[in-house]
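Worksheet: the structure to be examined is printed underneath.
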Amino acid sequence: MSDKDHGHHHHLRETESYYAARTKALESLFREKNLIGQDTVDRVINFFDTEMGPFNGAKVVARAWTDPAFKTRLLADCNAAIAELGIRDGIEGENLKAVESTASVHHIVTCTLCSCWPWPLLGLPPYWFKDPAFRARIVREPREVLKEFGVELTAGTKIEIWDSSAQIRFFVIPARPDGTEGWSEEKLAELISTEAMQGLDVVTVN
Amino acid sequence: MSDKDHGHHHHLRETESYYAARTKALESLFREKNLIGQDTVDRVINFFDTEMGPFNGAKVVARAWTDPAFKTRLLADCNAAIAELGIRDGIEGENLKAVESTASVHHIVTCTLCSCWPWPLLGLPPYWFKDPAFRARIVREPREVLKEFGVELTAGTKIEIWDSSAQIRFFVIPARPDGTEGWSEEKLAELISTEAMQGLDVVTVN
Amino acid sequence: MKLQQFLGGLENVGPVSTEKKVFVEEWEKQLFGVHMCMMGTGIWAWPHLRVKAEGMNPLDYFKYRYYIKWLGGMTAYLVERNYINEAELEELTEYYLDNPDAPLPEKGNPAVTDQVVDYMFTGDNPYRDVALNPEFKVGQLVRVLDPASAVHTRLIGYLRNKVGVVEEVYPKAILYTDSVPTDSISTPQPIYRVKFMTRDIWPERPDTDDALFSEVFETYLEAA
Amino acid sequence: MKLQQFLGGLENVGPVSTEKKVFVEEWEKQLFGVHMCMMGTGIWAWPHLRVKAEGMNPLDYFKYRYYIKWLGGMTAYLVERNYINEAELEELTEYYLDNPDAPLPEKGNPAVTDQVVDYMFTGDNPYRDVALNPEFKVGQLVRVLDPASAVHTRLIGYLRNKVGVVEEVYPKAILYTDSVPTDSISTPQPIYRVKFMTRDIWPERPDTDDALFSEVFETYLEAA
Chain W
-3 MSDKDHGHHH HLRETESYYA ARTKALESLF REKNLIGQDT VDRVINFFDT EMGPFNGAKV
57 VARAWTDPAF KTRLLADCNA AIAELGIRDG IEGENLKAVE STASVHHIVT CTLCSCWPWP
117 LLGLPPYWFK DPAFRARIVR EPREVLKEFG VELTAGTKIE IWDSSAQIRF FVIPARPDGT
177 EGWSEEKLAE LISTEAMQGL DVVTVN
Chain V
-3 MSDKDHGHHH HLRETESYYA ARTKALESLF REKNLIGQDT VDRVINFFDT EMGPFNGAKV
57 VARAWTDPAF KTRLLADCNA AIAELGIRDG IEGENLKAVE STASVHHIVT CTLCSCWPWP
117 LLGLPPYWFK DPAFRARIVR EPREVLKEFG VELTAGTKIE IWDSSAQIRF FVIPARPDGT
177 EGWSEEKLAE LISTEAMQGL DVVTVN
Chain E
3 MKLQQFLGGL ENVGPVSTEK KVFVEEWEKQ LFGVHMCMMG TGIWAWPHLR VKAEGMNPLD
63 YFKYRYYIKW LGGMTAYLVE RNYINEAELE ELTEYYLDNP DAPLPEKGNP AVTDQVVDYM
123 FTGDNPYRDV ALNPEFKVGQ LVRVLDPASA VHTRLIGYLR NKVGVVEEVY PKAILYTDSV
183 PTDSISTPQP IYRVKFMTRD IWPERPDTDD ALFSEVFETY LEAA
Chain G
3 MKLQQFLGGL ENVGPVSTEK KVFVEEWEKQ LFGVHMCMMG TGIWAWPHLR VKAEGMNPLD
63 YFKYRYYIKW LGGMTAYLVE RNYINEAELE ELTEYYLDNP DAPLPEKGNP AVTDQVVDYM
123 FTGDNPYRDV ALNPEFKVGQ LVRVLDPASA VHTRLIGYLR NKVGVVEEVY PKAILYTDSV
183 PTDSISTPQP IYRVKFMTRD IWPERPDTDD ALFSEVFETY LEAA
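Protein chains in written order, with the numbering used here: chain W, -3 to 202; chain V, -3 to 202; chain E, 3 to 226; chain G, 3 to 226.
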């Protein structure tokens, strides 16, 4: 390799095409060394599109909103309750805990040390959850951060924050919005964003 | 101003020519508003070239090395002792304190909260003293930082660090090197760097 | 102080990102897939990644996007442990830079895929079946200790020296990790859900009844 | 936590600068001259600059060279206090960007120069002639308190909650500032030279007999 080439590539070290090439090189080496299967990456990505994603969480919330006995069981033993709906737990959800937001208490989940997140119910964490500025600010200035997410709590609402650091993964049952009486679980589930299930959004009907 | 001009200047906001122009604009406004004299900036810079500079500190150290009674007075009351040599104190030196490095104790001065420095004896602080990485590391890893300054202490030398935070400004009398017996104060003073008078250098004869 | 161990409560860091995508560039999916393969086949576990993250220059930690940091941590780890070497990785990187559409080798171990999927459904349950003799009980006031800086910790920086109340003693002992150095959470031990009032943590903030919950390993606590 | 109040002891920040120049660009001299004029004529004092420095984004604090931060702090302060306005500053900046050799106005107040030079020889003695009733005495163990985050502090972050021994009680009361909000050092009070063993501050470091001295305002201390 000539010096010119070296300079060329050195220059690229902090570009997306460099990261992409390096990642491709990494998988390529894993394949050469038989450390990975040819379909492993695709199956992993597909897994989070079909098996573990926010569609699970939304289904759980809709059931909790419409079935008080289920909600009681969900709050008592989250892993057992989601199994009733055919949702499997697993990695980053071996020990799930659901908490319920109401008109007077708003729950927020964060992980200031890394990015702990309830994968079986919500899939993989969105970028905002992993962003250092979010993690720095949410615990000390939750109302200001909520505003940046477009959420204003009514005056007097108390905030309870869950900062994951051991082995429990937290999941928020948001408050059910007015005007949804008699809705089907499917229709309710469509209202529920990933953000709402970690307390960075409130569910509304427009 | 056209949009094009605005974009042009916006692009320059983090360049040295922008900072230079903004500084010039600032002094220009001060002149227009009679907040400054036409020669004030020059006199300030000249002041630190002629009145307050490391030449003062070096003179004090050379005297302390050659006159034990002076050194005793210097350690007891730094401001009074330097007045004996005709050195005036003043800003950032209203309360000076000298500490003496020896073969067994090496003193280092820092200011982790800002850049406190004994102006009457050393003039203005060099860039390294103000650098955040220096201030972060010197208190916790003094030997590693000394190495980056090219200084290796002999094994067993104890380090004492002075982290300024109230109103005292610290000044180090470095250990006098061997091989300088009988030297004049002027010749000794030439050996003494600014860094040595804050503990980031040791005085040697080559 | 490692800033990454004290991230919560850091002031003046500017606006938050509200980006809702998981992966913001396509290559991040591939990287994540390789990472899950490493997890599922036991090449590494979260604590190895965290050691790298906590050992980073704190300014770089803020500067680089999430998966860019993973790329650095993963490749450094794989090179250190001799799974790959830097020269072959660099050579192939240059090859794919110059030939971005070149295919991956049609090789590999087909058994890995099922192993990884099984792993994702199984996870790593942290509970260990050892005697649990918790030192603290529900309702007790506890103070978070302030131990020395560690290579890796699960002690949340802003909770050091703060007092909270035990709300729950978890039913079994938890093993955090036995494969990386930590500040004494490498043996199975009780964990507690501790409730803190945020006014006690940040008294300079407008007063509220807000609370903050953390699950804390026993070794990080003393009676208050 | 404001990182600038906890700078000492921050890990993994990379190599130090060994740059020995005071001013690394010519414009920095001019800026410093204007700053000394502001000091000498009472427009501002160090605490005003420190409020700006401690209120900065911590990443910017690391990113920008020393006098670039001063330029930002000085101009923001002067605009806030209506000494200048941003529009006229910006307009003149553009003028000097386009005409870098254009002269400064031949105007000004000649009396300011002597006032500034006098000030530099006089300084601001912090001692105040009020009764000194120090709470602690030489040889006593003291613990540094852990007060709420303040707009401006002289409490060194890494000393919070650490125990040292009083080596000297300074002879008179010290006023830190009466012009900016602080964490209670705006009234004259005793200060103490306190000696800490660095092994007590950073127990994870190789053990030595190294010591660290700090002058601490009484309000930051309690008996240990």
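For glycine and all other residues, C-beta sits at the position ideal for the given N, C-alpha and C.
Legend entry - Three-state class that DSSP yields for Met122 (chain E) in the structure shown: As a first step, residue 122 (chain E) is located in the third sequence; it is residue number 120 there, counting from the start. Correct three-state label for Met122 (chain E): helix.
Inset, instruction - Taking only beta-carbon positions, decide if Phe296 (chain G) is within less than 8 Å of chain V. - result: No answer is possible for residue 296 (chain G): it lies beyond the span of chain G, which begins at 3 and ends at 226.
Legend entry - Beta-carbon spacing of Gly141 (chain E), Met3 (chain G) below 8 Å: Translated into positions along the third sequence, residue 141 (chain E) becomes position 139. Translated into positions along the fourth sequence, residue 3 (chain G) becomes position 1. Result no, Cβ atoms of Gly141 (chain E) and Met3 (chain G) do not sit closer than 8 Å.
Inset, instruction - Drop a sphere of 10 angstroms on the beta-carbon of Ser(-2) (chain W), count the other beta-carbons inside from all chains shown, and report buried for 16 or more, exposed for fewer. - result: Within the first sequence, numbered from 1, the residue matching residue -2 (chain W) stands at position 2. Confidence at Ser(-2) (chain W) is low in this model, with a pLDDT of 39, below 50, so its placement is unreliable and the value that follows should be read with caution. By the 10 Å Cβ count, Ser(-2) (chain W) comes out exposed.
Inset, instruction - Would you mind giving the Cβ-Cβ distance between Val18 (chain E) and Trp124 (chain W), rounded to the nearest angstrom? I have them listed as a contact below 8 Å. - result: Against the third sequence, residue 18 (chain E) aligns to sequence position 16. Against the first sequence, residue 124 (chain W) aligns to sequence position 128. About 6 Å separates the two Cβ atoms, so the contact holds.
Legend entry - Burial state of Gly33 (chain W), where buried means 16 or more other Cβ atoms lie within 10 Å: One-based indexing of the first sequence puts residue 33 (chain W) at position 37. Buried is the call here.
Inset, instruction - Kindly give me the distance between the Cβ atoms of Leu134 (chain G) and Pro192 (chain G), rounded to whole angstroms, as I take these residues to be in contact under 8 Å. - result: Position 132 of the fourth sequence, counting from 1, holds the residue named residue 134 (chain G). Position 190 of the fourth sequence, counting from 1, holds the residue named residue 192 (chain G). With a Cβ gap of about 6 Å, Leu134 (chain G) and Pro192 (chain G) count as contacting.
Inset, instruction - Can you give me the Cβ contacts of Arg156 (chain G) inside the same chain, cut-off strictly under 7 Å, excluding the 5 residues immediately before and after it? - result: Position 154 of the fourth sequence holds residue 156 (chain G). Excluding sequence neighbours, Arg156 (chain G) sits near Tyr178, Ile187 and Phe219.
Legend entry - Contact between the region 180 to 191 of chain V and the region 54 to 70 of chain V (3+ Cβ pairs under 8 Å): yes
Inset, instruction - Since I believe Gly125 (chain G) is in contact with Gly53 (chain V) (beta carbons under 8 Å), could you give me their beta-carbon distance rounded to a whole number of angstroms? - result: In the second sequence, the residue the question calls residue 53 (chain V) occupies position 57. In the fourth sequence, the residue the question calls residue 125 (chain G) occupies position 123. With 8 Å as the limit, Gly53 (chain V) and Gly125 (chain G) do not qualify as a contact, their Cβ atoms being about 17 Å apart.
Inset, instruction - On a CA-only basis, which of E:Leu73, E:Leu91 and E:Glu13 is nearest Gln32 (chain E)? Give me that one, please. - result: Position 30 of the third sequence holds residue 32 (chain E). Cα-wise, what sits closest to Gln32 (chain E) is E:Leu73.
Legend entry - Straight-line Cα distance separating His50 (chain G) from Leu80 (chain G): For the purposes of this step, residue 80 (chain G) is taken as residue 78 along the fourth sequence, with counting starting at 1. For the purposes of this step, residue 50 (chain G) is taken as residue 48 along the fourth sequence, with counting starting at 1. Their backbone Cα atoms lie some 11 Å apart in a straight line.
Legend entry - Within chain G, partners of Glu206 (chain E) - CB distance below 8 Å: Translated into positions along the third sequence, residue 206 (chain E) becomes position 204. Going along chain G in sequence order, the residues near Glu206 (chain E) (Cβ under 8 Å) are Ala150, Ser151 and Ala152.
Inset, instruction - Let me know if Val118 (chain G) comes out buried or exposed under the rule of 16 or more other beta-carbons within 10 Å of its beta-carbon. - result: As a first step, residue 118 (chain G) is located in the fourth sequence; it is residue number 116 there, counting from the start. It counts as buried.
Legend entry - Distance CB(Leu196 (chain V))-CB(Ile104 (chain V)) smaller than 8 Å: For this step, residue 196 (chain V) is matched to residue 200 along the second sequence. For this step, residue 104 (chain V) is matched to residue 108 along the second sequence. Yes; because the gap between Cβ atoms is below 8 Å, this pair is in contact.
Legend entry - Cross-chain neighbours of Phe64 (chain E) in chain G, by beta carbon under 8 Å: Position 62 of the third sequence, counting from 1, holds the residue named residue 64 (chain E). Leu61, listed in chain order.
Legend entry - Cross-chain neighbours of Thr124 (chain G) in chain V, by beta carbon under 8 Å: Taking the first residue of the fourth sequence as position 1, residue 124 (chain G) is located at position 122. The answer, in chain order, is Gly86 and Ile87.
Inset, instruction - Check distances from the C-beta atoms of the region 20 to 35 of chain G to those of chain V and list, in chain order, the residues that come in under 9 Å. - result: Thr20, Glu21, Lys22, Lys23, Val24, Phe25, Val26, Glu27, Glu28, Trp29, Glu30, Lys31, Gln32, Leu33, Phe34 and Gly35
Inset, instruction - Run the CB neighbour count on Gly152 (chain W), radius 10 Å, all protein chains shown included, and call it buried at 16 or more, exposed below. - result: Taking the first residue of the first sequence as position 1, residue 152 (chain W) is located at position 156. Per the 10 Å Cβ criterion, exposed.
Legend entry - Option in E:Tyr66, E:Trp46, E:Asn14 and E:Glu28 with minimal Cα separation from Ala16 (chain W): The residue you call residue 16 (chain W) lines up with position 20 of the first sequence. The candidate whose alpha carbon is nearest that of Ala16 (chain W) is E:Glu28.
Inset, instruction - Provide the residue span of the alpha helix (DSSP H) that contains Val56 (chain W), from first to last. - result: Numbered from 1 along the first sequence, position 60 holds the residue referred to as residue 56 (chain W). Looking at the DSSP string, the run of the alpha helix (DSSP H) that includes Val56 (chain W) is Pro50 to Thr62.
Inset, instruction - Answer yes or no: does any C-beta atom of chain V fall closer than 8 Å to that of Met199 (chain G)? - result: By one-based count along the fourth sequence, residue 199 (chain G) stands at place 197. Chain V contact via Cβ: absent.
Inset, instruction - Output yes or no for whether 8 Å exceeds the beta carbon distance between Tyr68 (chain G) and Lys126 (chain V). - result: Residue numbering aside, residue 68 (chain G) sits at position 66 when the fourth sequence is read from its first letter. Residue numbering aside, residue 126 (chain V) sits at position 130 when the second sequence is read from its first letter. Against a cut-off of 8 Å, the Cβ pair of Lys126 (chain V) and Tyr68 (chain G) comes out as a contact.
Legend entry - Residue-level contact to chain E via CB, Ala226 (chain G), 8 Å cutoff: As a working note, residue 226 (chain G) is residue 224 in the fourth sequence. Cβ-Cβ to chain E under 8 Å: no for Ala226 (chain G).
Inset, instruction - Please list the segments of the beta strand (DSSP E) lying wholly inside the region 162 to 188 of chain G, counting only runs of 3 or more residues, in order along the chain. - result: 165 to 171
Inset, instruction - Out of E:Asn14, E:Cys39 and E:Asp62, point me to the one whose CA is closest to Glu10 (chain W)'s CA. - result: For the purposes of this step, residue 10 (chain W) is taken as residue 14 along the first sequence, with counting starting at 1. Selected option, being the one with the closest Cα: E:Asp62.
Inset, instruction - Indicate whether Val168 (chain G) and Val146 (chain G) have their beta-carbon atoms separated by less than 8 Å. - result: Position 166 of the fourth sequence, counted from the first residue, corresponds to residue 168 (chain G). Position 144 of the fourth sequence, counted from the first residue, corresponds to residue 146 (chain G). For Val168 (chain G) and Val146 (chain G), no; Cβs fall outside 8 Å.
Legend entry - Three-state secondary structure (DSSP) of Tyr129 (chain E): Reading the third sequence from its first residue, position 127 is the one you call residue 129 (chain E). Reduced to three states, the DSSP call for Tyr129 (chain E) is strand.
Legend entry - Tyr66 (chain E) - containing beta strand (DSSP E), residue span: Here residue 66 (chain E) corresponds to residue number 64 of the third sequence, with the count starting at 1. Looking at the DSSP string, Tyr66 (chain E) is not in any beta strand (DSSP E), and its letter there is neither H nor E.
Inset, instruction - Taking the CB atoms as reference points, tell me whether Leu161 (chain G) and Phe215 (chain G) lie closer together than 8 Å. - result: Here residue 161 (chain G) corresponds to residue number 159 of the fourth sequence, with the count starting at 1. Here residue 215 (chain G) corresponds to residue number 213 of the fourth sequence, with the count starting at 1. Contact flag unset, no.
Inset, instruction - Please determine, among V:Val101, V:Glu88 and V:Leu117, the residue with the shortest C-alpha to C-alpha distance to Trp48 (chain G). - result: Taking the fourth sequence and counting its residues from 1, the one referred to as residue 48 (chain G) is at position 46. Measuring from the Cα of Trp48 (chain G), the nearest candidate turns out to be V:Glu88.
Inset, instruction - Quick one: list the residues of chain E neighbouring Gly75 (chain G), beta-carbon separation under 7 Å, in chain order. - result: The sequence position of residue 75 (chain G) within the fourth sequence is 73, counting from 1. Correct list: empty, because the minimum Cβ distance to chain E is about 14 Å.
Inset, instruction - Run down chain G in chain order and give the residues with a C-beta less than 7 Å from the C-beta of Gly16 (chain E). - result: Here residue 16 (chain E) corresponds to residue number 14 of the third sequence, with the count starting at 1. Ordered by position in chain G, the residues that pass the 7 Å Cβ test against Gly16 (chain E) are Asn59.
Inset, instruction - Quick one: grab the DSSP three-state call for Ser24 (chain W). - result: The count along the first sequence starts at 1 and reaches residue 24 (chain W) at position 28. Three-state result, Ser24 (chain W): helix.
Inset, instruction - May I ask which residues mark the beginning and end of the alpha helix (DSSP H) holding Thr153 (chain V)? - result: Stepping through the second sequence from its first residue, residue 153 (chain V) is reached at position 157. Element bounds for Thr153 (chain V): n/a, residue is neither H nor E.
Inset, instruction - With DSSP as the reference, please indicate the residues paired to Ser216 (chain G) in a beta bridge. - result: Here residue 216 (chain G) corresponds to residue number 214 of the fourth sequence, with the count starting at 1. Answer is G:Val196.
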